[in-house]
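Protein sequence lines correspond, in order, to chains A and B.
Heads up, the first sequence is in my numbering, so the first residue is 1 and it goes up one at a time.
Heads up, the second sequence is in my numbering, so the first residue is 358 and it goes up one at a time.
Every residue, glycine too, gets a C-beta built ideally from N, C-alpha and C.
Following: one structure in structure tokens, then a few remarks.
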Amino acid sequence: MTSAEFPPGPLEGLDEFVEVLGDVEAGASTDAFYGRLCEVICRLAAMDIAVLFRYDAAVRRVRAAGAHGLDIAIFEEAHVSVESAPIARRAFGEDAVVEAHAPYADALPEQYAALLPDGTLYCVPMAAAGRWVGVVLCHQPEGAALSSRERHALWTLGKTAALAAVARIATFEGERARELQHRIDLARDVHDGVVQRLFGVSMALDADGDLPPEARKRAAAEIQQALADLRSAVQRPLSRAPRPTQVTLADEVRRLAHRHGDLAIEVDPDSSLAVPPHLGAAQRAQARQADTRDGARGHRRRRVHPRGRQRRRGQGQASIGGDGSAAGGVRGVGRRRLRGVRPAQRGLAGTSGGAGR
Amino acid sequence: MTNPERRLRILVVDDHDVVHWGFRLLLTQQPWVERCLSARTGAEALALTRRFEPHVALVDLFVGEESGAEICELLRRETPPPTVLLISGAGRISMSAARAAGASGFVSKDWPSAEIVAAVREVARGAKVFQPEREPAATGLTEREREVLGLMGSGATNREIAGSLHLSPHTVKEHTSALFRKLDVRNRTEAVQRAQRLGLLD
Numbered sequence: 001m002t003s004a005e006f007p008p009g010p011l012e013g014l015d016e017f018v019e020v021l022g023d024v025e026a027g028a029s030t031d032a033f034y035g036r037l038c039e040v041i042c043r044l045a046a047m048d049i050a051v052l053f054r055y056d057a058a059v060r061r062v063r064a065a066g067a068h069g070l071d072i073a074i075f076e077e078a079h080v081s082v083e084s085a086p087i088a089r090r091a092f093g094e095d096a097v098v099e100a101h102a103p104y105a106d107a108l109p110e111q112y113a114a115l116l117p118d119g120t121l122y123c124v125p126m127a128a129a130g131r132w133v134g135v136v137l138c139h140q141p142e143g144a145a146l147s148s149r150e151r152h153a154l155w156t157l158g159k160t161a162a163l164a165a166v167a168r169i170a171t172f173e174g175e176r177a178r179e180l181q182h183r184i185d186l187a188r189d190v191h192d193g194v195v196q197r198l199f200g201v202s203m204a205l206d207a208d209g210d211l212p213p214e215a216r217k218r219a220a221a222e223i224q225q226a227l228a229d230l231r232s233a234v235q236r237p238l239s240r241a242p243r244p245t246q247v248t249l250a251d252e253v254r255r256l257a258h259r260h261g262d263l264a265i266e267v268d269p270d271s272s273l274a275v276p277p278h279l280g281a282a283q284r285a286q287a288r289q290a291d292t293r294d295g296a297r298g299h300r301r302r303r304v305h306p307r308g309r310q311r312r313r314g315q316g317q318a319s320i321g322g323d324g325s326a327a328g329g330v331r332g333v334g335r336r337r338l339r340g341v342r343p344a345q346r347g348l349a350g351t352s353g354g355a356g357r
Numbered sequence: 358m359t360n361p362e363r364r365l366r367i368l369v370v371d372d373h374d375v376v377h378w379g380f381r382l383l384l385t386q387q388p389w390v391e392r393c394l395s396a397r398t399g400a401e402a403l404a405l406t407r408r409f410e411p412h413v414a415l416v417d418l419f420v421g422e423e424s425g426a427e428i429c430e431l432l433r434r435e436t437p438p439p440t441v442l443l444i445s446g447a448g449r450i451s452m453s454a455a456r457a458a459g460a461s462g463f464v465s466k467d468w469p470s471a472e473i474v475a476a477v478r479e480v481a482r483g484a485k486v487f488q489p490e491r492e493p494a495a496t497g498l499t500e501r502e503r504e505v506l507g508l509m510g511s512g513a514t515n516r517e518i519a520g521s522l523h524l525s526p527h528t529v530k531e532h533t534s535a536l537f538r539k540l541d542v543r544n545r546t547e548a549v550q551r552a553q554r555l556g557l558l559d
């Protein structure tokens with residue numbers, strides 16, 4: 001097909017859909033999200049009312065998830081289904097935009113048909129990858145009519161809305177999975193670090209006779225360690241862990257070398273740049289920060305020393321150091337150091353330091 | 358049957374040093390214990406069993422990445438086979454699964470130390486030590502009650518629940534009353550909170 005076969009039309013508004021999709025990440029509330037989808041559909045397809053109905057697995061029924069041009073509260077107590085709305089049944093069956101004209105008695109339950117002014121009602125199926133997500137009921141004022149191209153565009157918007165809804169569901173599920181993983185990690189750490197310690201100590205304290213001084217000392221130390229582990233667990237940040245990438249600190253150093261061809265990058269002989277994977281994001285960020293900060297200050301470095309090393313118990317350390325001179329000839333030494341963050345502090349990756357597990 | 362006069366060699370299989378330390382202090386104080394051995398892996402447990410022929414092996418359900426039940430099976434194939442008592446802090450194993458693995462009992466680390474010690478002695482004497490499985494009350498919920506609970510958790514009213522499940526409001530009310538009783542709560546807010554704590558809500 002050529003571009004001539006895709007004349008300007010409602011699909012130009014896909015950008016607006018992309019913007020709405022962006023809100024998935026921004027965490028817009030569910031109703032606001034679907035309400036915005038309705039608003040965009042109205043704008044792009046010259047409708048005055050749009051109500052998005054979707055199957056809500058949480059309450060196991062179809063519910064009005066968003067509306068534009070009509071108060072969504074009207075549908076709060078509604079018990080609608082594909083059976084009670086023949087127009088929706090047809091739209092699903094035919095996978096097409098189906099229209100009905102006032103008074104809509106053969107399309108909608110009576111109480112809702114009465115809410116709509118004269119004009120034309122369109123039911124747009126929302127389906128993606130064989131999954132029926134819901135329908136959008138749109139109303140066009142009397143006198144207007146959809147061309148076949150506009151009807152196709154509306155059908156495509158339904159598909160896009162379905163994709164947006166599925167993306168939102170996927171995002172939500174992903175978030176839940178992350179929260180669950182966080183709880184599992186927390187439970188495991190508390191079990192290993194606290195519960196097992198206290199169990200061992202309680203066994204020791206229940207032994208007959210006086211506890212030898214060495215055992216008493218160890219019991220105190222184990223309890224202290226258990227407390228420290230517990231404190232660390234409850235202070236664990238709740239922020240999201242950085243997304244895993246395949247880019248390592250070594251990759252980032254290579255990128256810097258490529259970007260600054262005149263820069264001598266010397267990796268310390270005792271540095272492997274092989275740092276614990278969970279610290280990778282923080283260390284890459286550190287490398288980029290060192291680069292951009294010096295750029296912003298007008299510093300010109302002649303040599304930089306990226307350094308990374310593994311330390312015990314999952315800790316790591318990375319630093320980007322080197323000499324440099326400011327634009328005015330003032331010499332300076334820049335060094336950014338990131339203290340290792342242990343696995344328990346994954347949420348702090350990208351910032352410095354913190355207590356460990 | 359083990360001779361009650363005989364002093365016992367006990368093997369503790371656990372991946373936590375502090376647990377070994379606690380058991381060593383506790384068990385070696387018992388007049389009927391000859392020796393307390395410590396293994397941190399299945400391989401170590403096997404090696405110590407072959408060398409010292411322990412009478413009882415106290416095996417944690419999770420030894421690092423290894424399964425305590427599998428370690429139990431391995432040990433039970435040795436000659437002479439030690440009597441195995443499974444133990445766990447967070448994990449649980451059904452009586453049938455434990456028996457199938459060859460264990461003579463299962464004790465929880467929640468138990469007081471005196472009861473754990475008594476269980477070790479009991480299994481050495483040939484007894485089986487399985488506490489009746491105490492199911493939390495909430496697992497006694499019917500499928501329908503779980504559905505009602507799920508909808509309650511999503512904020513649905515009784516009327517909405519009735520509509521969703523195609524039940525009469527009266528039936529829903531009966532289900533909610535049963536839920537309150539089984540969860541030992543007074544109202545739907547407490548029911549949802551309790552259900553969340555018990556992991557009954559998605």
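**Report entry** Close-in-space but distant-in-sequence residues of the same chain around GLU435 (chain B) (CB under 6 Å, 5 per side omitted)
**Finding:** THR406
Query raised in the report: Any Cβ of chain B within less than 8 Å of the Cβ of HIS182 (chain A)?
Result: no
Requested in this report: Give the straight-line distance between the Cα atoms of VAL18 (chain A) and LEU37 (chain A), rounded to the nearest whole angstrom.
Outcome: 10 Å
Query - C-beta contact flag for TRP132 (chain A) and PHE92 (chain A) at 8 Å - result: yes
Query - Option nearest ARG89 (chain A) by Cα separation, candidates A:GLU76, A:ILE74, A:LEU115, A:CYS123 - result: A:CYS123
Requested in this report: Note down, in chain order, all residues in the region 364-378 of chain B with a beta-carbon under 7 Å from any beta-carbon belonging to chain A.
Outcome: HIS373, VAL375, VAL376, TRP378
**Report entry** Unbroken beta strand (DSSP E) run spanning GLU344 (chain B), endpoints
**Finding:** Past the boundaries of the shown model lies residue 344 (chain B); chain B is included only from 358 to 559, so the question cannot be answered.
Query raised in the report: Whose CA, out of A:ASP106, A:PHE53, A:GLY130, lies closest to the CA of LEU34 (chain A)?
Result: Checking the sequence shown, residue 34 (chain A) turns out to be Tyr, not Leu. Closest by alpha carbon: A:PHE53.
Query raised in the report: chain A partners of ALA548 (chain B), CB-CB under 9 Å?
Result: Ordered by position in chain A, no residue passes the 9 Å Cβ test against ALA548 (chain B), which lies about 17 Å from the chain.
Query raised in the report: Could you give the residue range of the beta strand (DSSP E) that holds MET126 (chain A)?
Result: 119-128
Report task. Report yes or no: is there a C-beta of chain B within less than 8 Å of the C-beta of GLU19 (chain A)? Result -> no
Query raised in the report: Helix or strand or just coil, what does DSSP make of ARG516 (chain B)?
Result: helix
**Report entry** Residue-chain proximity (GLY399 (chain B), chain A), Cβ-Cβ < 8 Å
**Finding:** no
**Report entry** Under the three-state DSSP convention, the category ALA481 (chain B) falls into
**Finding:** helix
Requested in this report: Tell me, please, whether the region 218-230 of chain A touches the region 469-489 of chain B by the rule of three or more beta-carbon pairs shorter than 8 Å.
Outcome: no
**Report entry** Closest Cα partner of GLU214 (chain A) within the set B:THR514, B:ARG363, B:THR398, B:TRP378
**Finding:** B:TRP378
Query raised in the report: Is the CB of MET203 (chain A) under 8 Å away from at least one CB in chain C?
Result: Judged by its chain identifiers, the structure shown contains no chain C, and its protein chains are A and B.
Report task. Use the C-beta contact count for ALA226 (chain A): other C-beta atoms within 10 angstroms, 16 or more gives buried, fewer gives exposed. Result -> buried
Report task. Given a cut-off of 8 Å, decide if ALA100 (chain A) and LEU115 (chain A) are closer than it, judged by their beta-carbon atoms. Result -> no
Requested in this report: Pull up the DSSP beta-bridge partners for GLY200 (chain A), would you.
Outcome: Answer by DSSP bridge pairing: none, since GLY200 (chain A) is not bridged.
Query - Spatial neighbours of ILE545 (chain B) in its chain, beta-carbon cut-off 6 Å, leaving aside the 5 residues before and after - result: The displayed chain sequence assigns Arg, not Ile, to residue 545 (chain B). Closer than 6 Å at the Cβ level, and outside the excluded window around ARG545 (chain B), lie MET509.
Report task. Compare the C-beta of ALA145 (chain A) against all C-beta atoms of chain B and say whether one is closer than 8 Å. Result -> no
Query raised in the report: Going along chain B, which residues have a C-beta under 7 Å from GLU222 (chain A)?
Result: VAL375
Query - Neighbouring residues, chain A, relative to ILE380 (chain B) (Cβ below 9 Å) - result: The displayed chain sequence assigns Phe, not Ile, to residue 380 (chain B). Result: GLY200, MET203, ALA204.
Query raised in the report: Any beta-carbon of chain A closer than 8 Å to the one on LEU383 (chain B)?
Result: yes
Query raised in the report: Under the DSSP definition of a beta bridge, which residues are partnered with SER470 (chain B)?
Result: None; SER470 (chain B) has no bridge partner.
Report task. Starting from the Cα of ASP192 (chain A), find the closest Cα among B:VAL420, B:PHE380, B:PRO411, B:SER511 and give me that residue. Result -> B:VAL420
Query - Beta-ladder partner(s) of GLN140 (chain A), from DSSP - result: A:THR120
Requested in this report: Taking ARG197 (chain A) as the query, report the chain B residues whose CB atoms sit under 7 Å from its CB, ordered along the chain.
Outcome: VAL375
Query raised in the report: Which chain B residues sit within Cβ distance under 8 Å of GLY209 (chain A)?
Result: GLN386
Requested in this report: Only counting runs of 4 or more residues, tell me where the alpha helix (DSSP H) segments fall wholly within the region 27-55 of chain A, in order along the chain.
Outcome: 30-45
Query raised in the report: Quick one: any contact between the region 458-472 of chain B and the region 439-447 of chain B, if contact means 3 or more CB pairs under 8 Å?
Result: yes
Report task. Look at the alpha carbon of ALA67 (chain A) and the alpha carbon of ALA161 (chain A), and state the distance between them as a whole number of angstroms. Result -> 13 Å
Report task. Return helix, strand or coil for VAL375 (chain B), following the three-state DSSP convention. Result -> helix
Report task. For ARG335 (chain A), name the three-state secondary structure that DSSP assigns. Result -> Caution applies to ARG335 (chain A), whose pLDDT of 38 falls short of 50 and renders its modelled position unreliable; the model cannot decide the point.
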